[in-house]
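J.: Once you've had a glance at the structure underneath, I'll fire off some questions.
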Amino acid sequence: MERDCMEFDVLVVGAGPSGLSAACRIKQIAIENEQDISVCVVEKGSEVGAHILSGAVFETRSLDELFPDWQQNGAPLNTPVTQDITCYLSSEKAGYQLPQWAVPNTLHNKGNYIISLGNLCRWLASQAELLGVEIYPGFSASEPIIDGENRVCGVVTGDMGLDKSGEQKSNFEPGIELRAKFTLFSEGARGHIGKQLIKSYKLAEQQSPQHYAIGFKELWEIPAEQHQQGLVLHGLGWPLTRDATGGSYLYHLEGNQVAVGLIIDLNYSNPHLSPFEEFQRFKHHPMIEQYLKNGKRISYGARAITKGGLHSLPTQQFDGGLLIGCDAGTLNAAKIKGTHTAMKSGMIAAESVFEALQNHATSADYQTHFEQSWLYQELYQARNFSTGIHRFGAMLGGGLALVEQNVLGGKASWNVRCEKPDHQTLSLVNTTQPIDYPKPDGVLSFDRLSSVFLSNIFHEENQPCHLQLKSERIPIEQNLALYAEPAQRYCPAGVYEIVHNDNQSELQINAANCIHCKTCDIKDPSQNITWTPPEGGGGPNYPNM
1 MERDCMEFDV LVVGAGPSGL SAACRIKQIA IENEQDISVC VVEKGSEVGA
51 HILSGAVFET RSLDELFPDW QQNGAPLNTP VTQDITCYLS SEKAGYQLPQ
101 WAVPNTLHNK GNYIISLGNL CRWLASQAEL LGVEIYPGFS ASEPIIDGEN
151 RVCGVVTGDM GLDKSGEQKS NFEPGIELRA KFTLFSEGAR GHIGKQLIKS
201 YKLAEQQSPQ HYAIGFKELW EIPAEQHQQG LVLHGLGWPL TRDATGGSYL
251 YHLEGNQVAV GLIIDLNYSN PHLSPFEEFQ RFKHHPMIEQ YLKNGKRISY
301 GARAITKGGL HSLPTQQFDG GLLIGCDAGT LNAAKIKGTH TAMKSGMIAA
351 ESVFEALQNH ATSADYQTHF EQSWLYQELY QARNFSTGIH RFGAMLGGGL
401 ALVEQNVLGG KASWNVRCEK PDHQTLSLVN TTQPIDYPKP DGVLSFDRLS
451 SVFLSNIFHE ENQPCHLQLK SERIPIEQNL ALYAEPAQRY CPAGVYEIVH
501 NDNQSELQIN AANCIHCKTC DIKDPSQNIT WTPPEGGGGP NYPNM
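Rendered as structure tokens:
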């Protein structure tokens, strides 16, 4: 197939915080050195920010370095943290606030801001364009271009206008070859191409398996008398049990808005567990309900979070490219923050790529720059946080984290690793107890379909299914028999259903519901599901998440 081709010096795949920071920084360095370096960012969402979802409490360290004048230039950081509390929810009705000494120092948020990450990315995109970066939203990168010397040379964008059978429709447009001297992959958690590159270049062979969580978020508008602008509340405990670890949050933004969410580690063991249902019942806890009552839910979303930390971080450089941000896994779980670390990884990538371009090298020495940076130091100090909780559970693992961060200052001499991948942790269905979830009341808790509606989701209906099965029989013959097909429950959007026809069971995939969280690609016990990007522009359209 003949394809149009565009060539650049640097191509960035994904307009998230790491990709946009990399694009901005490479142009800044080029301008400082009076050089002309062409930079392109391609983004699968309909616009920059459409697929961005995060809590989010934001540390400004990277932004201070990238744009020291961000306040004068109107960066959307409008809500400084004014109150910071951590609660332990001991049961469905009870809970208490933890004293400051019982909370790891890394979770203290003085000097941070409550933000919409989507809006910050939109602002970063505007700064990038002022610097001369070309940004193309609505184009998904479908596959890498690799030359005869096994060097990444860019990507091919997805074909547009194919029907469900893969045949060309009247509006068919072939994807474009975007070629570059260096390609930076910033696709977010469980990146489709990043996953392939990690495998083909053996970037994670010396590391522990990567670990993930699923994070939910709803945006609420609440009565003014319940609103406390700048309040940050983090929760531990209920509704999560010994079968699952994670935490919750509730952030008071400006404009009488509250962001509320639940994060559940994807190494949970009970196949009956439904992360979506856990989130819905969580909002009924009195310590959470007090802020949401009489309010109105205005947005909903979910996404996977890469949280294995330094023990699971793959080699980020390879010939012709780099993995940055959550595509690699730079989140600092000890802070529950990944934006400033993702931004810094992009900035380090820019510096190493500029150096390589100057030296006409085909590989950028990211690792050296990384190990000399505060980012490496921060991730090293937090390296045991996630893995300790994975290995030892919330109480013992949390206690270990408290000692490491508050007593030892992140300088523990030991390493705690977790070598069991998340998809291998499910117990057999006949050895576990079903969970009786309450019906949603339509006031605080809701069903999946009404929730998905609030994500402003759109997919062209007549296109190939972007959720690909290696085998159509595995969901029935293995997953249904052994685990009651957990895809019905771990998907936060009702994509997967078991339907019964003529005494036969089949897995039905409602791909149009997909909000691109990629949990299915991670948690499927047979690793039978592969998430691939649908037509560019498809998926959720988050306004300010």
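Note that full-length UniProt numbering has the sequence shown beginning at 1, numbered continuously upward. Yeah, the Cβ is synthetic: ideal placement off N, Cα and C, and Gly gets one too.
1. How would you call Glu-43, buried or exposed, if buried means at least 16 neighbouring beta carbons within 10 angstroms?
2. Counting Cβ pairs, one atom from each stretch, are 3 or more of them under 8 Å apart for the region 308-315 and the region 245-262?
3. Beta-carbon within less than 7 Å of Asp-524's beta-carbon, same chain only, minus the 5 sequence neighbours each way: which residues are those?
4. Three or more C-beta pairs closer than 8 Å, one from the region 356-373 and one from the region 174-185: is that the case here?
5. Taking all protein chains shown into account, do 16 or more other C-beta atoms lie within 10 angstroms of the C-beta of Tyr-96, making it buried, or fewer, making it exposed?
6. For Gly-237, which beta-bridge partners are listed by DSSP?
7. Roughly how many whole angstroms lie between the Cα atoms of Ser-208 and Asp-441?
8. Per DSSP, Met-287 is paired with what?
9. For the alpha helix (DSSP H) containing His-340, name the first residue and the last one.
10. Which term fits Asp-521, buried or exposed, when burial requires 16 or more other beta carbons within 10 angstroms of its beta carbon?
11. So the alpha helix (DSSP H) Asn-541 belongs to, where does it begin and stop?
12. Name the one or two DSSP bridge partners that Val-499 has.
13. Can you list, in chain order, the residues of its chain with a C-beta nearer than 6 Å to that of Val-370? Leave out the 5 residues immediately preceding and following it.
14. Would you tell me roughly how many angstroms separate the C-alpha atoms of Ile-263 and Trp-238, rounded to the nearest one?
15. Quick one: using the 10 Å Cβ neighbour count with 16 as the cut-off for buried, is Ile-193 buried or exposed?
16. Going by C-alpha to C-alpha distance, which of Ser-386, Gly-247, His-466 and Gly-536 sits closest to Thr-530?
17. Please give me, in chain order, every unbroken run of the alpha helix (DSSP H) with length at least 4 that falls completely inside the region 83-166.
18. Looking only at C-alpha atoms, which of Ala-141, Arg-391 and Phe-67 sits nearest to His-340?
19. Only counting the same chain, and skipping five residues up and downstream in sequence, which positions put a Cβ closer than 6 Å to that of Phe-392?
20. Out of curiosity, what's the CA-to-CA distance linking Glu-289 and Trp-220?
21. To the nearest angstrom, report how far apart Ala-512 and Pro-534 are at their CA atoms.
22. What are the start and end residues of each continuous alpha helix (DSSP H) run of 4 or more residues lying completely inside the region 2-39, in chain order?
23. For Leu-322 versus Leu-379, is the C-beta spacing smaller than 7 Å?
24. Taking its Cβ as the centre, do 16 or more other Cβ atoms sit within 10 Å of Asp-159, making it buried, or is it exposed?
25. Are the CB atoms of Arg-25 and Ala-350 nearer to each other than 7 Å?
26. In three-state terms, what does DSSP make of Ile-298?
27. Taking three-plus beta-carbon pairs below 8 Å as touching, is the region 128-148 in contact with the region 35-50?
28. What does the Cβ neighbour count give for Met-343, buried or exposed, with the cut at 16 atoms within 10 Å?
29. So the candidates are Ala-401, Cys-491, Gly-538 and Gln-527; which of them puts its Cα closest to the Cα of Gly-215?
30. Going by other Cβ atoms of all chains shown within 10 Å of its Cβ, with 16 needed for buried, is Phe-58 buried or exposed?
31. Might you give, ordered along the chain, the residues of its own chain that have their beta carbon closer than 6 Å to the beta carbon of Asn-270, omitting 5 neighbours on each side?
32. DSSP puts Gly-215 in a beta bridge; with which residues?
33. Please state if the CB of Leu-231 and the CB of residue 547 are separated by a distance shorter than 7 Å.
34. May I ask you to report which of helix, strand or coil DSSP gives Val-443?
35. For the beta strand (DSSP E) holding Trp-531, just list the boundary residues, first then last.
36. Taking the alpha carbon of Ala-493 as the point to measure from, which residue in Asn-479, Leu-454 and Val-499 has its own alpha carbon closest?
T.: Based on what the coordinates show:
1. buried
2. no
3. His-423 and Ala-487
4. yes
5. exposed
6. Leu-89
7. 42 Å
8. According to DSSP, which records beta bridges pairwise, Met-287 is partnered with nothing at all.
9. 339-358
10. buried
11. Careful: Asn-541 lies outside any alpha helix (DSSP H) and carries neither H nor E.
12. Glu-506
13. As written in the sequence, residue 370 is Phe, which differs from the Val given in the question. Result list for Phe-370: Ile-348 and Tyr-376, in chain order.
14. 12 Å
15. buried
16. His-466
17. 117-130
18. Phe-67
19. none
20. 12 Å
21. 10 Å
22. 17-32
23. no
24. buried
25. yes
26. strand
27. yes
28. buried
29. Cys-491
30. buried
31. Asp-243 and Thr-432
32. Ile-263 and Arg-303
33. Past the boundaries of the shown model lies residue 547; the chain is included only from 1 to 545, so the question cannot be answered.
34. coil
35. 529-531
36. Leu-454
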